[in-house]
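First to last, the sequence lines map onto chains Z and P. First residue of the first sequence? That's 15 in our numbering, and the numbers climb one at a time after it. First residue of the second sequence? That's 0 in our numbering, and the numbers climb one at a time after it. Notes to accompany the following structure.
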Amino acid sequence: MAELGIAIAADYGRLEPLLVAPLKSSAIFLADLSRALGVPHGIDLIELAAYNGGRDGGVRLLKDLDQPIANRHVLVVEDVVDTGLTLHFLARTLTLRNPASLCAVTLLDRPYRRLVDDLPVRYVGFTVPDELFAGYGLGMEERWRALPDIRYVAADALPAAAADAA
Amino acid sequence: MREAPQFQAYRGTEPPRFANRIELECAKILDYYGVPWEYEPHSFVLGRDDEGRVTSAFTPDFYLPEQDLYVEVTVMKQSLVTRKNRKLRQLRELYPHVKVKLFYRRDFERLAHRYQLKLAS
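If you want it as structure tokens, here you go:
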């Protein structure tokens, strides 16, 4: 975390970036990153509706940002970048609001199933193997979010609904 | 497939006719996130006989035009995809400029946790 904070602070200096975190999985990472970032910055939160089988026709914002981002330096704080679909959507949506710049930091990068490559990921905490993880804000059907650190999830420990799908 | 969603990001001309549930779910996810996609738009010739007739070809399930990426999805278990893997290797040898990714059943099992898919139905 300290290394990420130093790298981001070095790049942004006095630009006062706005950290934008999608709820909920990124919340704990955002809190720690904010404390590790030794330069002035703002914080805002956004929440996207979970995929529901496509019945809504497209991604819905459950909570939008509280402030305009035009001419701000936006840094999206992601928990995991996997297929890249969520970050791709976020970047496309936020870019329409004319930020001065838009980049992303992800705690975990899992590139094996990446479907979109043109992602603005500039900082990566850890590139992880093709496995499932929980804890430190990452949950599976709301379980295990509160674990203090990141744990590998074995297939036989998956919640029932997920195990059914498998 | 009985389900016939109204796709927003589909860029093909004919209505897609998916071979299985996982293809449909994949299309719905791409559509949900607004990633333009086409269904089986191209076939790549992998082999011909002495008279020039096509003996082997590969038609990836999806093409993402903005990513210039082909995506093949398979419901077969990982241990049974040898033939598909061989075709994919041939495709990469013959068409090195073509970007293609194979999504195995295991990949969808992983995605199922994130998107709460019902792969068995």
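Heads up, the beta-carbon is just placed ideally off N, CA and C, and yes, glycines get one too.
Beta-carbon proximity of residue i to residue j, cut-off 8 Å
i	j	result
Z/Leu51	Z/Gly19	yes
P/Tyr62	P/His96	no
Z/Arg69	Z/Asp96	no
P/Tyr103	Z/Leu99	no
P/Pro35	P/Arg10	yes
For residue j and residue i, the rounded distance between their alpha carbons
i	j	result
P/Leu29	Z/Trp158	28 Å
Z/Ser48	Z/Pro113	20 Å
Z/Gly27	Z/Leu79	23 Å
P/Asn157	P/Met75	Outside the modelled stretch of chain P, which goes from 0 to 120, sits residue 157 of chain P, for which no answer is possible.
P/Val56	Z/Leu122	Checking the sequence, you will find Ala at residue 56 of chain P rather than Val. So the alpha carbons of these two residues sit roughly 38 Å apart.
Z/Ala64	Z/His102	15 Å
Residue i burial status per 10 Å Cβ neighbour count (16 or more: buried)
i	result
Z/Gly160	Here residue 160 of chain Z turns out to be Ala, not Gly, going by the sequence shown. That one is exposed.
Z/Ala176	No answer about Z/Ala176 holds up, because its pLDDT of 45 lies below 50 and its placement is not dependable.
Z/Gly72	exposed
Z/Glu30	exposed
Z/Leu33	buried
Below-8 Å beta-carbon distance, residue i vs any chain P residue
i	result
Z/Gly193	This structure does not reach residue 193 of chain Z, given that chain Z is present from 15 up to 180, and the question cannot be answered.
Z/Leu122	no
Z/Tyr65	yes
Z/Arg28	no
Z/Asp25	no
Z/Arg159	no
Z/Asp131	yes
Z/Phe103	yes
Z/Leu75	no
Z/Arg127	yes
Own chain residues within Cβ distance below 6 Å of residue i, not counting five before or after
i	result
P/Glu71	Pro59, Asp60, Leu101
Z/Ala35	Leu44, Leu59, Val91
Beta-carbon contacts of residue i that lie in its chain and below 8 Å, excluding the five residues immediately before and after
i	result
Z/Arg165	Phe147, Ala148, Gly149, Trp158
Z/Lys38	Glu61, Gly151, Gly153, Arg159
Z/Ala105	Val90, Leu116, Ala118, Leu133, Pro134
Residues near residue i in its chain [Cβ-Cβ closer than 7 Å; skip 5 each side]
i	result
P/Lys117	In this prediction, P/Lys117 scores a pLDDT of 48, lower than 50, which makes its location untrustworthy; no coordinate-derived value is stated.
P/Val80	Thr73, Tyr103
Z/Ala21	Tyr137
Z/Gly139	Leu18, Thr120, Leu121, Leu122
Short CB-CB distance (under 8 Å) between residue i and chain Z
i	result
P/Ile21	no
P/Asp106	yes
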